[in-house]
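>
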Amino acid sequence: MSIQSVDRHRMPTASLSPAPERAAAQRSYGADTSVASPTGTRRLGAVRVAVLCGLLVALAFAGVLSVMFGVRSISIEDALAAIGGATDTAEQAAATTRLPRTVMALFVGAALAMSGTTLQGVTRNPLADPGIFGVLSGASLAVVSGIAFFGLSRPVPTMLIAMVGSLAAAVFVYFVGSLGRGGATPLKLALSGAATAAAASSLVSAILLPRADVMDRFRFWQIGSVGGAEWQQLQLSLPFLGLGLLIVLACAPGLNALALGDDVATGLGIKVMTTRLVATLGAVMLCGTATALAGPIAFVGLIVPHLLRLICGTDHRWLLPLTGLAGGVLLVAADTIGRVVARPSELAVGILVPLIGAPLFIWIVRNTKVRELA
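Numbering-wise, full-length UniProt numbering puts 234 at position 234 of the sequence shown, and it's gapless, one number per residue.
#1: Could you tell me how far apart the beta carbons of residue 445 and Leu322 are, in whole angstroms, since I believe they sit closer than 8 Å?
#2: What residue from Gly301, Gly324, Ala194 and Gly224 has the CA that sits closest to Leu246's CA?
#3: Does Asn256 come out as helix, strand or coil in the three-state DSSP assignment?
#4: Return the chain-ordered list of same chain residues with a C-beta closer than 8 Å to the C-beta of Leu59, the five sequence neighbours on each side being excluded.
#5: Going straight from the alpha carbon of Pro359 to that of Phe299, what length do you get?
#6: Could you name each continuous alpha helix (DSSP H) segment of 4 residues or more that falls completely within the region 71 to 126, going from the start of the chain to the end?
#7: Return yes when the Cβ of Ile223 is within less than 8 Å of the Cβ of Ala113, no when it is not.
#8: Determine the direct distance from the alpha carbon of Met163 to that of Leu241, and round the result to whole angstroms.
#9: Report the option in Arg43, Arg48 and Leu243 whose CA atom is closest to the CA atom of Leu308.
#10: With DSSP as the reference, label Gly242 as helix, strand or coil.
#11: Give me the Cβ distance between Val135 and Thr280, rounded to the nearest whole Å; I'm assuming they're in contact under 8 Å.
#12: For Asn256, which residues from the same chain have a beta carbon less than 7 Å from its beta carbon, with the 5 sequence-adjacent residues on both sides left out?
#13: Quick one: grab the DSSP three-state call for Ile270.
#14: Can you tell me which of Cys312, Arg339 and Arg366 puts its alpha carbon nearest to the alpha carbon of Gly54?
#15: Let me make sure I understand the geometry here. Which of Ala148, Val143 and Ser115 has the alpha-carbon closest to that of Ile132?
#16: Answer yes or no: do Ser140 and Ala200 have a C-beta to C-beta separation smaller than 8 Å?
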């Protein structure tokens, strides 16, 4: 065999990966390769700082508005006093009851957005969202089973059993995706997640069809809402949210390496399978806890990472905290709008967010080449 033939059949190695291949890998994930110069890097850094400051201001503004508006609106003075803990007037006491749902909307939105960002990085799939690992379907199956067979009705037990169901579904998906040669590849994880979600949805339908009483209770949770927020729920969820947050933030450098491909990441000293497993665990903890708190809410984990990636680049060390803030702002604002437009009733965030997110996502797809997002 000639030397040319040997070279032609030789497998590429990470350490010898040519610069054009690295650049192509970055472009395939949507990385901004135009900021290689110091000027471009400084400009992108300034954009990130500006977005961070803007999101913090927007979050404070949305939080105050969330406390002000509801079935009965109150003044900004009473809202600020209620945030400070005052309950001297009826208005302040009413505003105090809105604080838990505002905090829950912040937690749930941030958790879903960061979970979606992490899973898109793990799978290198721009359409990945928290439902790709069967987390939402697993939580739904656990909740409907708890209502049908154990008579669950209180928010806290419902939250706990939903969390168990979401984690069990994620473990099952990862186990199935790890079977065979190659281990848990992004494609195998996506396929096993889709199959698990379909099976869980079928089981949910089988339980609900003969039980109208279960359907009545389950549908309110399934819509996705933060209206029944309680401080006890938030306290129970804090350890899981905090641990999931720390895990995904610690995996940010590894996710940056995975964006360049498994071979390059291995050449950079990254343990690819370990990074995928740990990052997935953190994302599932965030998504599972958020789903347990508020029910399945679509589009937050899909649309927010896309928007922030287009504006701030693909460095997960910045992308993860920024998407967390943006997700929190989105859900707090959506909850407030839902209370205002449907007075004296309210429109659940699980309905309103897809109504906002779907047109926005269509606009992104039309104005951005799909291969730049892939």
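Glycine included, each C-beta is placed from N, C-alpha and C at the ideal position.
Here's the rundown:
#1: Absent from the structure is residue 445, since the part of the chain shown begins at 1 and ends at 374.
#2: Gly324
#3: helix
#4: Leu106, Leu325, Gly328, Val329 and Val332
#5: 11 Å
#6: 76 to 83, 90 to 96 and 99 to 123
#7: no
#8: 11 Å
#9: Arg48
#10: helix
#11: Not really, about 10 Å apart at Cβ, beyond 8 Å.
#12: Asp315 and His316
#13: coil
#14: Cys312
#15: Ser115
#16: yes
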